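In my numbering, the protein residues as written are 63 to 324.
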Amino acid sequence: MIIVGERINGMFKDIRRAIRKKDKGPVQEMALRQLEAGADYLDINVGPASADKAGTMVWLVETVREVTDAPLAIDSPNLEAMRAGLEACKGSEVMINSTTGKQEDLEAYMPLAQEYDASIVGLTMDENGIPGDVNGRTEIALKILASAMEHGIPTDKLFIDPVILPVNADQRQPANVMKAIGEFKLLSDPPPHIIVGLSNISQGTKQRPLINRTYLVMCMAHGLDAAILDPLDRELMDAMITAELLLNKFIYCDSFLEAYRR
Ligand code: THG
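The structure is reproduced here in structure tokens:
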């Protein structure tokens, strides 16, 4: 599994406060703790409140890069913030999070991926929103895949995201998303990566960690191979590692959790 650490996001109180005070410590500590816990990428998201999105993005990226050159995922729906974040990342591996399947977004973000040699996440949503059914999501996934190919983005740099909604909003969606993951795997050979923003599933519920880890394992069984999640949740990471074992991704030994972490 490719793990993208979700915690450097202005949606969280500690990071929001650090952004407001331009206090580097909490951001840098959160970067290092997530990497130590097993993150492959660090998601960087200025959050909803910030007025100067591009400036805040650059500050976050530069702050993180003072302590690590780990791959970053620039997470913003704002094109200027995306461009500024990518520019600040120059020299490191980087992921664009994200484009939608909307034609004008594809035409803006795919060339950026090519220009910065970046991986790119494509959300299966467009001007009509997120399709409620499996076929609608798969059609948009195919459009994103075709656009990536046209722009010379190799399949192993493309991450399709079926877009998870909270389970308490529409209870049919978790099963639809899993079926969509299975369909995305059939779109090309080799298939694109498939990623989700896991914590969306439990927003507003009372059993967040339990719902997160149960759903992660179910999605992995359908072919999920990347996730934006909180790597500091130890039970979540244990469930992820155990699912990899049960999917025959590595050989069993009695101390498989420790062995995987090493
Ligand atoms: N797909 C892609 N990128 C994404 C998402 C996605 N990026 C953002 C998001 N979804 C994934 N990251 C988060 C980060 C935090 C939360 C959910 C998803 C979250 N935050 C608490 C809340 O809203 O209750 C914040 C409160 C707190 O604890 O301080 O749940 O789907 N490609």
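Note that the Cβ used here is the ideal one computed from N, Cα and C, for glycine as well. These figures come from a predicted structure and were not determined experimentally.
query                                                                                                                        : result
CB of residue 156 within 8 Å of CB of residue 180, strictly                                                                  : yes
Neighbourhood of residue 178 by C-beta distance below 7 Å, restricted to the same chain and skipping five residues each side : 148 and 156
Three-state secondary structure (DSSP) of residue 69                                                                         : strand
Residue 159 in three-state terms, based on DSSP                                                                              : strand
Buried versus exposed, by CB contacts within 10 Å (16 or more), residue 291                                                  : buried
3-residue-minimum beta strand (DSSP E) runs that sit fully inside the region 134–159, ordered along the chain                : 134–137
Residues that DSSP places opposite residue 291 in a beta bridge                                                              : 67
Residue 87, DSSP secondary structure in three states                                                                         : helix
Backbone CA spacing between residue 249 and residue 216 [nearest angstrom]                                                   : 14 Å
C-beta atoms of residue 278 and residue 223 nearer than 8 Å                                                                  : no
DSSP bridge partner residues for residue 222 (one or two, in chain order)                                                    : 184 and 256
Contact between the region 262–270 and the region 65–83 (3+ Cβ pairs under 8 Å)                                              : no
Residue of 135, 112, 91 and 97 minimising C-alpha distance to residue 72                                                     : 112
Assigned secondary structure, residue 106 (DSSP; H/G/I helix, E/B strand, else coil)                                         : strand
Test item: CB-CB of residue 221 and residue 192 under 8 Å                                                                    : no
Among 129, 105, 68 and 107, nearest to residue 94 - alpha-carbon criterion                                                   : 129
Secondary structure of residue 194, DSSP reduced to three states                                                             : coil
Neighbourhood of residue 122 by C-beta, 6 Å cutoff - its chain only, sequence neighbours within 5 removed                    : 106
CA-to-CA distance, residue 86 to residue 145, given in whole angstroms                                                       : 22 Å
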